[in-house]
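Accompanying notes for the structure given below.
2 protein chains.
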Amino acid sequence: MSNVEQLRKQVDEQALTVRQLKSSKADKEQVTEQVALLLGLKEKLRIAGGDNSNSSSGTPAAATPKASGGNSEAGKSTGFTLKTAKGTKDYTAKEMAVRKEIFATLTEVFENHGAVTIDTPVFELKEILMGKYGEDSKLIYDLKDQGGEECSLRYDLTVPFARHVAMNGITNIKRYQIAKVYRRDQPAMTKGRMREFYQCDYDIAGAYDAMIPDAECVRVTVEVLTRVDVGPFVVKINHRKILDAIFDVAGVPEEKVRMISSAVDKLDKLPWADVRREMVEDKGLDGAVADRIGEYVQLRGGAELLDKLEAMPELMASEKAREGVQDMRLFFRYAAIFNVVDYVSLDMSLARGLDYYTGIIYEAVLVEENVRPTQAQPTATGAKEVKEGGDIDESQVRVGSIAAGGRYDKLVGMFSASRRTKGKGKATDVPCVGISFGIERIFSVVYSRMQSAEVKANRTKVYVISLRDGLLEERLRIATELWDCGIATEFAYKVKPRFQNQLNTCDSEVIPWAVLIGSEEVEQGLVKLKSMAKDVSAEEKSGVAVKREDMVAELKKRLGIVQ
Amino acid sequence: MSNVEQLRKQVDEQALTVRQLKSSKADKEQVTEQVALLLGLKEKLRIAGGDNSNSSSGTPAAATPKASGGNSEAGKSTGFTLKTAKGTKDYTAKEMAVRKEIFATLTEVFENHGAVTIDTPVFELKEILMGKYGEDSKLIYDLKDQGGEECSLRYDLTVPFARHVAMNGITNIKRYQIAKVYRRDQPAMTKGRMREFYQCDYDIAGAYDAMIPDAECVRVTVEVLTRVDVGPFVVKINHRKILDAIFDVAGVPEEKVRMISSAVDKLDKLPWADVRREMVEDKGLDGAVADRIGEYVQLRGGAELLDKLEAMPELMASEKAREGVQDMRLFFRYAAIFNVVDYVSLDMSLARGLDYYTGIIYEAVLVEENVRPTQAQPTATGAKEVKEGGDIDESQVRVGSIAAGGRYDKLVGMFSASRRTKGKGKATDVPCVGISFGIERIFSVVYSRMQSAEVKANRTKVYVISLRDGLLEERLRIATELWDCGIATEFAYKVKPRFQNQLNTCDSEVIPWAVLIGSEEVEQGLVKLKSMAKDVSAEEKSGVAVKREDMVAELKKRLGIVQ
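From first to last, the protein sequence lines are chains A and B. Here numbering that gives the first Met the number 0 is used: position 263 in the first sequence is 262, and no number is missing along the way. Here numbering that gives the first Met the number 0 is used: position 158 in the second sequence is 157, and no number is missing along the way.
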């Protein structure tokens with residue numbers, strides 16, 4: 000691992016330490032000390048040229064001072080800055096080994112539920128993405144006009160999926176997709192917020208009976224998060240129709256529903272008083288209306304909360320509310336059979352930003368990091384002061400959110416032609432429900448728990464070593480034979496490598512077995528099989544002599560490969 | 000599979016038929032007939048809205064006539080064309096199932112040779128890519144300037160890899176990467192030429208003894224191409240130093256070496272007379288110089304060709320030539336030990352376009368499609384007429400090339416800072432050698448050989464079916480139990496699905512086993528296990544009754560899952 004990689008890992012680990020201290024409300028002095036350590040590491044990383052995403056200045060690279068005379072150790076090159084673009088990063092071999100494992104786990108769960116995968120292009124026609132993301136549309140990356148179509152990098156996997164379904168006239172499909180998406184957001188590496196990042200989506204499209212696929216999505220969420228072992232989590236759920244009914248009953252004017260909805264969504268990180276002030280002062284909502292909203296959106300609980308809602312005549316006067324509650328009753332029934340009801344919390348403040356949701360919405364959050372200020376202690380000063388108080392700071396915004404999704408029944412229809420054919424408006428709607436995993440967040444939780452030394456990046460099983468005299472051609476012959484048998488094998492690319500260097504490579508690459516040869520062994524038709532593990536017999540440590548023709552069989556036996 | 004997908008597959012298959020007929024020099028009438036069929040299918044696909052990459056007109060989408068009144072069945076939407084961007088396409092579930100298999104095979108071979116994988120961003124700072132691709136730089140996609148850095152989509156995986164190695168001060172790494180790259184080329188779907196496509200690269204970076212990693216790259220190439228079963232192929236090899244010496248000895252002026260080199264590279268698809276004319280008439284080379292080049296570059300053969308080269312005193316006067324020949328001697332020795340020498344052909348006309356190669360270069364080509372006009376029959380008219388003659392047409396250009404690469408010892412150094420530090424110029428060069436697989440071409444060869452029905456897109460093993468009465472909750476319970484045991488399970492998302500519909504799904508999705516339940520079975524604590532295969536006993540076809548508590552064990556037994 001290079002110096003920069005090591006530093007980057009140290010920064011990530013230290014950032015996590017700081018975050019954990021803060022959320023465990025540790026001693027203030029201790030926090031300050033650890034923050035100082037973090038800042039020092041960040042500075043070292045910056046000097047080493049490896050920090051390319053943590054600047055919040057938005058300064059274009061061209062304005063960065065350049066190395067004069069090429070004296071800087073690394074990170075600068077002949078006339079330009081050697082770095083990845085802002086908000087993007089390379090993943091090292093060790094990081095990739097862990098990421099591949101996580102992707103494999105997700106894939107296995109998705110496929111166990113019958114999902115297939117499709118692939119869509121990284122860029123779409125710009126008009127496909129327009130009007131789907133509300134205010135966030137400004138974060139879409141466009142391609143330069145080089146003559147031809149106007150294109151943009153995909154912002155998520157949901158809209159391209161809906162486009163694919165509509166374009167091919169598909170009426171039902173259960174698909175997963177693990178792929179990169181792009182957002183021109185202000186990057187912040189320590190928060191895991193990048194401009195290029197993976198999304199892992201699982202969606203069920205098709206006209207089915209109520210809440211069956213919806214409940215399966217939550218089951219998939221629980222299976223994935225349990226399997227990747229991300230720590231304790233809860234799946235908050237709500238229903239768009241109930242939320243709409245609340246705004247309706249409380250008397251929110253039609254044109255303010257969106258902004259009020261997004262204010263409500265902040266209740267997971269701000270006390271009600273702050274959210275109320277945002278509604279009234281910033282968004283001009285009538286105070287009485289805000290208070291009526293407050294009565295509803297601070298409610299949370301299990302299935303029993305549905306009884307409470309049903310006992311509210313004002314709310315139940317709304318057909319939408321009745322439909323929503325009925326859906327949620329079904330959901331809880333199916334979720335109980337799927338054994339996931341214990342993970343679920345009905346939370347009336349969950350609103351989700353995107354416009355296209357039409358039914359159930361959900362969001363999985365890590366429990367220990369989901370620090371929520373006590374509702375009973377509203378402050379009069381708002382977000383900034385809360386931050387200074389140490390409880391909530393910007394770096395914790397949504398940090399606990401690791402999966403989110405919901406039902407979107409109208410998105411495919413937005414793309415379908417026949418929507419305009421009179422009288423058949425609904426024929427091309429393909430109802431969808433899905434979940435998107437915050438895989439970068441999951442990765443950073445899992446990876447930061449590991450010791451770097453634990454991670455084996457390669458899969459090499461055998462290293463062919465000459466004791467002396469090089470014996471290159473004999474080493475090549477042995478490697479060839481092992482490759483032919485599917486045994487992952489390496490050797491030093493030197494005519495006469497030093498014995499100790501070969502052993503060191505074997506050690507540092509965590510290769511479990513070495514095949515040792517010297518001129519003597521070659522003459523006698525032998526090889527020695529040496530285990531690189533620590534807890535083995537003295538004989539295996541120094542090397543067990545076996546006949547050359549038995550080498551493959553003996554290695555397979557030791558590697559546990561079924562013959 | 001949707002109508003559009005089916006049509007697209009038919010077009011691809013028909014295009015292959017036509018290509019095969021042409022290369023087998025079939026009866027002209029037969030070819031004409033099949034071409035007409037192909038054009039008809041393409042037109043059908045175009046009407047269905049699925050053809051989004053085959054237009055060579057370069058017309059932007061905005062200029063495409065729009066559906067008026069929304070009468071067209073599919074492919075048009077409310078006010079805009081519903082398609083993927085030019086030169087890009089979606090991959091369906093069946094295509095992805097096959098692609099995933101191919102990727103897995105490549106990954107296995109790469110990892111068997113000890114390679115690790117890294118990930119780099121889809122876009123790089125524009126200046127990183129500048130000056131690396133010669134004339135092809137015009138094909139680079141730029142991102143729009145939205146305030147910030149100037150970025151471009153990656154053109155290949157080699158330059159980002161070199162940037163990664165330089166940036167992190169890595170001195171040795173063996174890495175593979177399977178990822179998308181972008182080129183604003185004129186797309187042609189039937190030729191497999193897209194604007195977004197995957198590359199699969201395997202590279203060895205580090206200062207090692209001559210030709211050992213180089214020979215291993217060719218070994219990896221042969222392993223991959225044999226394992227994916229792409230058909231007979233040959234790996235053409237040449238050496239940049241020998242080629243440079245030839246141009247030197249023949250008397251090519253320094254400033255013309257590049258263009259003459261690219262003319263020579265066309266010898267795999269044009270007769271010498273045409274290449275000579277290009278050199279002399281288009282590129283202003285002296286006729287006598289061209290003739291001297293011709294003596295060398297038409298040579299090809301095995302290791303014995305090296306004897307022939309060594310017997311040419313004029314060539315051997317060049318130190319570069321001597322070095323190149325010496326390298327190639329070593330290469331043939333190692334390739335023989337690696338058991339790949341029979342696949343290798345030394346071909347003095349192989350030049351490869353890219354500027355950064357410094358040593359061995361190679362290219363794997365499919366044998367049956369590598370149609371080369373007879374060298375003894377030069378025509379006086381050139382490429383266009385040859386095309387009309389039917390032997391060579393543009394669609395066959397490079398069509399046989401399925402992997403290519405070589406040694407590039409200076410690329411990392413181009414990125415390294417210390418190059419400018421006086422006296423240490425060479426310290427930051429990291430010599431590299433690698434191979435890039437034309438995975439899209441390999442995929443299209445493998446996929447077009449398959450019958451669509453053969454491909455199972457999902458991995459579902461069990462479908463839970465109710466005989467009557469719906470029994471939704473019991474079906475959910477059974478699915479939950481099977482998921483808990485890692486058995487891929489689906490069921491109909493309906494409260495009361497029809498029995499026949501459930502069976503049909505099971506059939507069309509090629510799900511091997513059904514669990515049947517009716518009220519009677521539930522009461523008696525039984526389930527029936529029904530095999531969906533054709534060649535099974537009458538009992539298994541109608542369903543074997545087993546106890547509910549034995550269901551998992553019985554299914555595992557039948558699915559061959561070790562307990």
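Even glycine gets a Cβ: it sits at the ideal position worked out from N, Cα and C.
Shorter than 7 Å from the beta carbon of residue i to some beta carbon of chain A?
i: B/D390; result: Residue confidence for B/D390 is low, a pLDDT of 37 falling below 50, so the modelled location carries little weight and cannot support an answer.
i: B/W482; result: yes
i: B/G283; result: no
i: B/I117; result: yes
i: B/P212; result: yes
i: B/L124; result: yes
i: B/F330; result: no
i: B/Y295; result: no
i: B/V221; result: no
i: B/I177; result: no
i: B/E402; result: In the sequence under discussion, the amino acid at residue 402 of chain B is Ala, which differs from the Glu named in the question. No, because no Cβ of chain A sits closer than 7 Å to the Cβ of B/A402.
i: B/D506; result: no
i: B/N167; result: yes
i: B/A302; result: no
In this structure, what does DSSP give as the bridge partners for residue i?
i: A/C505; result: BP columns for A/C505 are empty, so no partner.
i: A/D89; result: The partner list for A/D89 (beta bridge, DSSP) is empty, contrary to what the question assumes.
i: A/F490; result: A/V463
i: A/L528; result: A/V514, A/V543
i: A/V432; result: A/I203, A/R406
i: A/F122; result: A/L152
i: B/N111; result: Answer is none; B/N111 lacks a bridge partner.
i: B/N237; result: B/I360
i: B/L345; result: B/I236, B/G300
i: A/L365; result: A/F232
i: B/T479; result: Beta-bridge pairing links B/T479 to no other residue.
i: A/T116; result: A/Y175
Within 7 Å (strictly less), CB to CB, does residue i reach chain B?
i: A/A161; result: no
i: A/D50; result: Residue placement at A/D50 cannot be trusted, given a pLDDT of 48 that sits under 50; what the coordinates show is reported in the next sentence. With 7 Å as the cut-off, A/D50 does not count as an interface residue toward chain B.
i: A/T106; result: no
i: A/G113; result: yes
i: A/T16; result: no
i: A/M531; result: no
i: A/Y492; result: yes
i: A/F442; result: no
i: A/A487; result: yes
i: A/E519; result: no
i: A/L81; result: yes
i: A/A60; result: Since pLDDT at A/A60 reaches only 32, below the 50 mark, its modelled position is unreliable, and the value read off the structure follows with that caveat. Yes, its Cβ sits closer than 7 Å to a Cβ of chain B.
i: A/E322; result: no
i: A/D89; result: yes
i: A/P186; result: no
i: A/K8; result: no
Using 8 Å for Cβ pairs, my map puts residue i next to residue j. What's the rounded Cβ distance?
i: B/K143; j: A/V121; result: Not really, about 15 Å apart at Cβ, beyond 8 Å.
Task: Where the stretch 454 to 480 of chain A meets chain B: residues whose CB sits under 7 Å from a CB there - done: A456, N457, R458, T459, E472, L475, R476, T479
Task: Secondary structure, beta strand (DSSP E): runs of 3+ residues fully inside the stretch 132 to 156 of chain B - done: 150 to 152
TODO: Residues of the stretch 143 to 157 of chain A with a CB closer than 7 Å to any CB of chain B: list them in chain order, please.
DONE: K143, Q145, G147, E148, C150
Task: Ordered list of alpha helix (DSSP H) runs contained in the stretch 172 to 232 of chain A, each at least 4 residues - done: 211 to 226
Task: Contact set between the stretch 333 to 356 of chain A and chain B, restricted to residues whose Cβ is under 8 Å from the partner - done: Y333, I336, F337, N338
TODO: Please name the residues in the stretch 261 to 280 of chain B whose beta-carbon is closer than 7 Å to at least one beta-carbon of chain A, in chain order.
DONE: none
Open item on the list: Counting only Cβ-Cβ distances shorter than 8 Å, please list the residues of the stretch 195 to 210 of chain B near chain A, keeping chain order.
Closed with: E195, I203, G205, Y207, D208
- [ ] Anything in the stretch 127 to 144 of chain A with a Cβ closer than 7 Å to a Cβ of chain B? List those residues in chain order, please.
- [x] Y140, D141, L142, K143
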